[in-house]
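**Student:**
Residue numbers (my numbering): -16 to 126.
(1) Short check: CB of residue 2 to CB of residue 55, under 9 Å?
(2) Once you ignore the five residues that flank residue 74 on each side, which residues in its own chain have a CB closer than 6 Å to its CB?
(3) Do residue 90 and residue 97 have their C-beta atoms within less than 9 Å of each other?
(4) Would you say residue 92 and residue 103 are within 9 Å of each other, going by their C-beta atoms?
(5) Compare the beta carbon distance of residue -1 and residue 65 with 9 Å and say whether it is the shorter of the two.
(6) Short of 8 Å in beta carbon distance, which residues of its chain neighbour residue 17, apart from the five on each side in sequence? Order them along the chain.
(7) Give the DSSP-derived three-state secondary structure of residue -10 in the structure shown.
(8) Can you round the beta-carbon distance between residue 48 and residue 70 to whole angstroms, since I take them to be within the 8 Å contact cut?
(9) Exposed or buried, what is residue 62 when buried is set at 16 or more other beta-carbons lying within 10 Å of its beta-carbon?
(10) What separation, rounded to the nearest whole angstrom, lies between the Cα atoms of residue 110 and residue 101?
(11) For residue 115, count the other beta carbons within 10 Å of its own beta carbon; 16 or more makes it buried, fewer makes it exposed. Which is it?
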């Protein structure tokens, strides 16, 4: 398997765990833990904006440590080589609030290459244009 060129950053590739590989005990533990975390997890951005960082709520959809595929239920661990407490950036909303990131900066935050970030950006822009979302947005700001 070819190694990605990460410059000085030698983080490993993301790791995907298919939902079918989880044992019943792991699923039950995950459900119990999710209920416990949901009870304590902030419900809105205002409740978490000044919260602890790195964010301990990995089940939040804005957390950068892992992603859950809503269709297959598979879990993608974006940073398998580090503990969640070692993350410099853990919340996508914190990153978005700062704005103005280069492709390299976004790549480092997401554990992806600059080229993959560029591809995702192009795909997102094409989807917005296809749905005329950009025109609706422009109308909202010019009216």
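Even glycine gets a Cβ: it sits at the ideal position worked out from N, Cα and C.
Note that the coordinates shown come from a computational prediction; the quantities given were computed from them, not determined experimentally.
**Tutor:** With the given structure in hand:
(1) yes
(2) 38 and 45
(3) yes
(4) no
(5) no
(6) 42
(7) Residue placement at residue -10 is poorly supported in this model, since its pLDDT is 46, which falls under 50; the coordinates still yield a value, given next. Note: residue -10 maps to coil in three-state DSSP.
(8) 6 Å
(9) buried
(10) 14 Å
(11) exposed
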